[in-house]
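I have placed the structure first, in the form of structure tokens, so that the comments after it can refer back to it.
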Amino acid sequence: MAILPGFRPGGPKEAFVPVQFLSEEWTTELKGRLNATDSFKKAAGSASATLQQVITGPDGERRYWIKIQGGSIDMGQGEIETPDATITQDYDTAVALAKSELNPVTAFMSGKLRISGNMMLLMQLQGAISELPKVMQEMDVDY
850 MAILPGFRPG
860 GPKEAFVPVQ
870 FLSEEWTTEL
880 KGRLNATDSF
890 KKAAGSASAT
900 LQQVITGPDG
910 ERRYWIKIQG
920 GSIDMGQGEI
930 ETPDATITQD
940 YDTAVALAKS
950 ELNPVTAFMS
960 GKLRISGNMM
970 LLMQLQGAIS
980 ELPKVMQEMD
990 VDY
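Taking our numbering, the leading residue of the sequence shown gets 850, the next gets one more, and so forth.
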């Protein structure tokens with residue numbers, strides 16, 4: 850991740866060198882920004898969840914994981930053992946969700962977003978999960 854001097858979480862978008870969507874730099878920057886965001890901490894509360902994200906595309910699958918615990922988030926590339934839920938979507942859907950061009954409920958109802966595992970837990974985490982695209986809007990991301 851290439852952060853320019855003067856970086857402040859929540860600072861101007863121009864303070865960043867673009868990061869590639871779904872790259873290791875992207876997950877690192879997103880994690881840092883979410884953990885610095887009071888609205889995410891409040892929405893996550895005392896919830897605990899482990900999620901696997903699967904993004905399908907012409908170049909194969911991209912996988913990353915999310916752990917939410919005690920008001921903070923950890924994220925990384927690859928597989929995670931025994932996720933509470935797995936969320937699968939194609940690359941175009943992932944981009945539309947990241948840019949807030951597509952509502953997650955609409956994506957799910959239309960079959961663009963597939964979920965296996967603990968759906969009730971995801972519903973409880975809806976507030977925290979909805980913070981991800983909000984924070985991504987502040988990032989300079991190369992899609």
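Ideal Cβ positions, reconstructed from N, Cα and C, are used throughout, including at glycine.
Remember, predicted model here, so these are calculated numbers, not experimental data.
Within its chain, find whatever has a CB closer than 6 angstroms to the CB of residue i; leave out the 5 residues flanking it on each side and keep chain order.
i, result
"A851", "Per-residue confidence for A851 stands at a pLDDT of 46, beneath the threshold of 50, marking its modelled position as unreliable; the derived number appears in the next sentence. Counting only Cβ-Cβ distances below 6 angstroms, and skipping sequence neighbours, we find V866."
"T905", "D939"
"T937", "V903 and R963"
"K916", "T899 and D923"
"Y992", "F870 and V944"
"M972", "none"
Among the options, which residue has its Cα nearest to the Cα of residue i?
i, options, result
"D941", "L951, S897 and Q973", "L951"
"L871", "L946, A893 and Q975", "L946"
"Q918", "K983, V984 and G894", "G894"
"P953", "T931, L981 and E873", "L981"
"K948", "K983, F957, I929 and Q973", "K983"
"S979", "T931, K890, I929 and E928", "K890"
"D887", "G909, F957 and G920", "G920"
I'd like the span of the alpha helix (DSSP H) that includes residue i, first residue to last.
i, result
"I978", "Q975 to I978"
"S897", "Here S897 belongs to no alpha helix (DSSP H); instead the beta strand (DSSP E) covers S897 to G906."
"K890", "D887 to A893"
Looking only at its chain, what residues have a beta carbon closer than 7 angstroms to the beta carbon of residue i, apart from the 5 residues adjacent to it on each side?
i, result
"D933", "A898, T899, L900, G966, N967 and L970"
"L974", "A896, A898 and I917"
"Q986", "S949"
Please list the terminal residues of the continuous beta strand (DSSP E) segment that includes residue i.
i, result
"A934", "A934 to D939"
"G909", "G909 to Q918"
"G925", "S921 to Q926"
"G966", "L962 to G966"
Pull up the CB-CB distance for residue i and residue j, whole angstroms please, since I reckon it's below 8 angstroms.
i, j, result
"A838", "A977", "A query on residue 838 cannot be resolved here, the shown segment of the chain reaching from 850 to 992 and no further."
"W914", "V990", "Rounded, the Cβ-Cβ distance is 19 angstroms, inconsistent with contact."
"R882", "M988", "7 angstroms"
"E825", "Q926", "As displayed, the chain neither begins before 850 nor continues past 992, which places residue 825 out of reach and without an answer."
I'd like the list of long-range same chain contacts for residue i, defined as Cβ closer than 8 angstroms, with 5 residues on each side in sequence excluded.
i, result
"K1002", "As displayed, the chain neither begins before 850 nor continues past 992, which places residue 1002 out of reach and without an answer."
Measure from the C-beta of residue i to each C-beta in chain C and report whether the shortest distance is under 7 angstroms.
i, result
"K948", "Going by chain labels, chain C is absent from the structure shown, which holds only one protein chain."
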